[in-house]
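For reference, the structure is listed below as structure tokens.
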Amino acid sequence: MPILIFISIFTLLDFILLFSIGSQIGLLTTLLLVLATGVIGLHLIRKEGVSTFARARQRMKAGEIPSQELLTGAALIFGGALLMAPGFLSDLLGIACLLPSARQLLYKALIWLGLKTGANAQPGTHGSTRYRQGAHYQQSNQAKPGTNTDDEAIEGDFISRDDTPRRH
345 MPILIFISIF TLLDFILLFS IGSQIGLLTT LLLVLATGVI GLHLIRKEGV STFARARQRM
405 KAGEIPSQEL LTGAALIFGG ALLMAPGFLS DLLGIACLLP SARQLLYKAL IWLGLKTGAN
465 AQPGTHGSTR YRQGAHYQQS NQAKPGTNTD DEAIEGDFIS RDDTPRRH
């Protein structure tokens, strides 16, 4: 619910600012600025989506979790989406997502708000681990005492719980 209130207030302020500035600079100039930032935002989303995916694949092939690349790509794509939205306040926030120093401030603000991500996780959590394809996440290649490695079999019984009962 608080996020909906925030989005509503942000949208209202964005339109108030758009109409206020638009009345000062004129309708044609306002429309050209809104269209130009929309085209820039669309181009940015297309370009960064592909390049972020490529960087993430490289990190995954190296056996690392691409958390920083994904966060940066998400910020750039979010910035592009904000640039596509009509309004000068959303354009300012979109430009802030594009600048590396402003992005770092946004990351710190998200951490301060309590959002935990892979990039800011504590050592020993998923943010600093490495993985092997087809295996579970683990801190190192050495197995911890009392844990299962991929070579061992685990014996046990299980019960399958289907949504639909079977009739014979």
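Just so you know, the numbering used here puts the end of the sequence shown at 512, numbered straight through with nothing missing.
From the three backbone atoms N, C-alpha and C, an ideal C-beta is built for every residue, glycine too.
Which of helix, strand or coil does DSSP assign to residue i?
i    : result
D358 : helix
T374 : helix
L450 : helix
A497 : coil
G458 : coil
G431 : coil
R399 : helix
I503 : coil
L443 : coil
Compare the beta carbon distance of residue i and residue j with 9 Å and say whether it is the shorter of the two.
i    : j    : result
A400 : L414 : yes
T381 : L443 : no
D358 : A446 : no
I385 : G424 : Reading off the sequence, residue 385 comes out as Gly, not Ile. It is a contact, given that the beta carbons lie within the stated cut-off.
L513 : F354 : The structure shown does not extend to residue 513, since the chain is modelled only from 345 through 512, so no value can be given for it.
Here's the rule I'm using: 16 or more other beta-carbon atoms within 10 Å means buried, otherwise exposed. How should residue i be labelled?
i    : result
G370 : exposed
V394 : exposed
E499 : exposed
E496 : exposed
Find the nearest neighbour of residue i within the set the options, judged by alpha-carbon distance.
i    : options                : result
I389 : A418, T374, I351       : A418
V383 : D435, E408, G458, L457 : D435
L304 : F350, T374, A440       : Beyond the ends of the chain as shown, which are 345 and 512, falls residue 304; an answer cannot be given.
T396 : T416, I409, L377       : T416
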